[in-house]
Every structure is written in C-alpha cells, then in structure tokens.
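Below is one structure, written out as structure tokens; comments come after it.
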Amino acid sequence: MSQSITDQPLQFAYWVPNVSGGLVISNIEQRTQWDFDYNRKLAQIAERAGFDYALTQIRFTAGYGADNQHESVSFSHGLLAATDRLKVIAALLPGPWNPTLAAKQIATISHLTQARIAVNIVSGWFRGEFKAIGEPWLDHEERYLRSEEFIRCLRGIWQEETFNFAGDFYRYRDYVMKPKPLDPLPEIFQGGSSRAARDMAARVSDWYFTNGNTVEGIRQQVDDVQQKAAANQHQVKIGVNGFVIARETEQEAQQVLHQIIAQANPDAVKGFAHEAKNAGNASPEGEGNWAKSSLEDLVQYNDGFKTNLIGTPQQIAERIIALKNAGVSLMLLGFLHFQEEVEYFGREVIPLVRELERQQQRELAHG
Ligand SMILES: Cc1cc2nc3c(=O)[nH]c(=O)nc-3n(C[C@H](O)[C@H](O)[C@H](O)COP(=O)(O)O)c2cc1C
C-alpha cells in the first residue's frame, strides 16, 4: 500500500447517462433518463453530494438497449456550464476523432470552463458500430497503437509550441495550435483492461480506468500497471468501475440485484456478450474486458456487479477502502436510479469513507 495513495482522499466519479437505457441491460424500472434536463440536475446533485468527476460515454449507434446516444464532448460542455466545481471527462474514440479536432475542441472547452474538462480515450469494442459508420475495424493491438499515438499527439499539441510527429496513424509538421488549454492541462483517462491497455497506461495515460472486479483482481492489475509505469518513469493513477446498490439492509440491496438480473433482457445481454467477448478475447492474452465475464456480470455493461458495492452504506464504504488499499484512487460509479441514489450515496456512504480514511491515517500516524 503506497503512502501517497492513502494520504489522498479517494475520489468519486459517476457515469453520465447520456445514452438511453441506463447502466443495466434489464427491463427493471429505471427512473434514470438520458435527456439533458435530467442530466443537468444530476450533475448539480452529484457536485453537492461530493462527486469530483462525471464520465460521459461515446456511442455512435444503437445496440443492446442504447437506442439514443448524445455525443460526449458537447454533452460534457453542457454539464460543465451547469456546474461550478465538477470535472467532466469526455469520451473520445480515435477513428471518428482525430487528435487535431480533439485537441482544439478540448482546449476551447478548457477556456470556457476554468480547466474542468478531461478526456477518456476509448479504443472501441463495438465492431457493428464501426461498420455502420464506415470506419475501418483495426485489430486489438492496432487499436491500442492508434490510441497511444492519439494520446501522444494530444499532449504534444497541447504542450509544445511547435509540434512535429511522424507516426503510423498521425503526422504533424511544425503544427502550432493556439490557444493552449488552461492550466492544469486536461487529464487523460483511458478505458480498457487488456495487456495492451495496461502497457499503454504505463506509458502515456494519467489514469487507467478499468471494469469492475474483485479486490484481488484489481490488485493484480494495479501491480502490473504500476510496475511498468515505474520502469517507464511515468505516473499513472487507477480508477475502477462499480455498480452501487446501497440500501438500509443487505437483504434489500441483494433483492434489487436479484431483480435486475431476473428481469434482464436476455437477447440484448447475449448480443452484447457476443460483441463484448469478441472485443475482449481479441486481445492476444485473453485478459481484456469481458473476457472472463458471466452472462449475469454482463447485465451491467462494465462488470460493475463484480466490485460488490451492494449492501449497506457501511459495507460499501469498507469495500471501497479495501480497493483504495489495493492502489485505487478513483471509484467510477453507476446506479439504477441515478438522481436519487447519487444523492443517497453522498449523504450515507461518502461520509463513512471519509471516516474510515481518517481512522487509517490515525493508525498510520501511531505506527
Ligand atoms: C471506464 C470505461 C469507459 C468506457 N467508455 C467507453 C465509451 O464511452 N465508448 C466506447 O466505445 N467504449 C468505451 N469503453 C470500452 C473501451 O474503450 C475498450 O474497448 C474496452 O474496455 C475493451 O478494452 P480491452 O480489450 O483493453 O479490455 C470504456 C471502457 C471503460 C473501462
């Protein structure tokens, strides 16, 4: 357990429901909405509840329930304009985006929002989507090679007065982009868990964002990423997805989980499983996201049940601290009824996490 991680308060992010259907592929009633009015209010609730970040999703076409999808960068800007402190992470998919457009858009949003914009570079999992929009579907390793070049170009354009780059995917010759983003530069997150994802994070990303998993599963990834990052003299932090079902009793929370799974939409889950496993297995070592997920796990798009944030506020706070002790700096959270449950999480769970953090600090101070 590194001293620097335990010193810092754990940070919280929530998934922005800018895609319809919520975060579970289930016919259970979800009061979550995907429109902007709902999301503006949610961002304001989250900011008051103690959340640090909101993460938007990018999807160009429907599939497995997500019939409507708002675009990530413009939606992020809308949420930033409606809040004061919240940072919003905009998903960017290399292919549809190139680094020139992304660097320019994000620099401008940085100026419009006092540097509260960040980005999440995603490498693509949905082959049908690429086909639908006429984008070539690269193989897994190549998708990551492109993402890494994309990140190097973003940083270079933002940081260097005159940027030059000769890569396999992108080329720049004496490119001067002004204005630069405000300080601090937008943080660069990345989503994905395969070996290629971990290697890329250890070289170029500020944050490694991974799917839900057990504490042990997360610890292995953290150790791998951090060892490689140390060898590269690169600093990277870790964020983990979890689906929260916080209720007054454990039994109530488990019942909700049971209902979500019992009312899962089997065809949509199977379709998603087929597509996602294709993406996960496509990584040569077979450790990508979803490579080992059961059908029940896949009812939550990013394996969020595996993190087991399902129970009473006290149980959830203790599990979050266990993840922190495994090297996690940020919890990325999904909920069934976002507005109500983000508010409840801020009121009931975050204060317990803070109390446990203070307790650990006292124990460390007393040797
Ligand atoms: C936290 C997180 C957020 C993601 N957001 C998106 C997204 O908005 N759009 C998208 O197409 N893929 C998204 N992905 C999928 C990744 O880009 C990637 O394709 C997937 O995780 C498989 O990568 P892997 O084989 O390296 O594990 C996300 C993944 C994670 C972990």
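As numbered in the numbering used here, the sequence shown has no gaps in its residue numbers, which increase by one up to the final residue, 387.
Where a beta carbon is used, it is the ideal one built from N, C-alpha and C, also for glycine.
Close Cβ partners of residue i (< 8 angstroms) along its chain, the five nearest in sequence each way excluded
i, result
"A123", "C173, L174, I177, W178 and M197"
"K61", "Q359"
"E49", "none"
"L277", "I265, F325 and I330"
"G237", "K326"
"R147", "W157, E295, N298 and A299"
"D203", "A135"
For residue i, the residue or residues it bridges with in DSSP
i, result
"S46", "A284"
"L112", "I141"
"A346", "Bridge partners of A346: none, in fact."
"R191", "A186"
"V196", "None; V196 has no bridge partner."
"I208", "V139"
"Q89", "V39"
Top-ranked residue by Cα proximity to residue i, from the options
i, options, result
"D55", "Q246, N47 and A86", "A86"
"G70", "E383, G306, F183 and G366", "G366"
"N261", "I208, K326 and A296", "K326"
"R218", "T128, D188 and Q255", "Q255"
"P156", "P116, G187, E180 and Q334", "P116"
"S313", "I330, K290, L30 and Q335", "K290"
"Y34", "K151, G259, I341 and Y164", "G259"
"T182", "E383, D194 and F189", "D194"
"P463", "A385, I141 and L100", "For residue 463 there is no data in the structure shown, the boundaries of the chain being 21 and 387."
"S349", "Q334, V235 and W227", "W227"
"P371", "E361, P333 and L384", "P333"
"F209", "R215, P201, V224 and A216", "V224"
"W145", "H160, A135, Q134 and S46", "H160"
"L43", "Y84, D57 and G308", "Y84"
"E91", "T103, I78 and G98", "I78"
"R68", "H386, Y364 and E383", "Y364"
"D323", "R105, I341, L353 and I340", "L353"
"N231", "V39, K248 and G212", "G212"
"I45", "R374, N38 and D287", "D287"
"N233", "I340, E272, E149 and P201", "I340"
"K151", "A82, A216 and P206", "A82"
"D72", "A342, Q380, V362 and A273", "V362"
"I281", "P206, N47 and E307", "N47"
"L356", "N88, E375, L376 and A273", "A273"
"E305", "N88, N285 and A216", "A216"
As assigned by DSSP and simplified to three states, the class of residue i
i, result
"Y34", "strand"
"N328", "coil"
"P119", "helix"
"W227", "strand"
"L106", "coil"
"D219", "helix"
"G262", "strand"
"I153", "coil"
"Y164", "helix"
"R79", "coil"
"L352", "strand"
"K290", "helix"
"A296", "helix"
"F95", "helix"
"Y73", "strand"
"G387", "coil"
"K257", "strand"
"Q320", "strand"
"W178", "helix"
"S214", "coil"
"Y84", "coil"
"G237", "helix"
"G308", "coil"
"S22", "Reliability fails at S22, whose pLDDT of 47 lies under 50, so the model's placement of it is uncertain and the value that follows must be treated cautiously. DSSP places S22 in coil when its eight states are reduced to three."
"S314", "coil"
"R172", "helix"
"H131", "helix"
"G232", "coil"
Same chain only: Cβ atoms within 6 angstroms of residue i, ignoring 5 sequence neighbours per side
i, result
"S96", "T76, V108 and A110"
"I153", "F80"
"F189", "R166 and E169"
"I336", "A266, L329 and V369"
"L112", "A122, V139 and I141"
"T133", "L100"
"E207", "A138 and D226"
Cut-off 7 angstroms between Cβ atoms - residues of its own chain near residue i, not counting five sequence neighbours on either side
i, result
"P199", "A127 and H131"
"E270", "G331, T332 and Q335"
"N252", "A222 and R223"
"A63", "A74, L99, A102, T103 and L106"
"F229", "N140, F209, Q210, G211, G259 and L352"
Beta carbon proximity, residue i to chain D, threshold 8 angstroms
i, result
"A250", "Of the protein chains in this structure there is only one, and it is not chain D."
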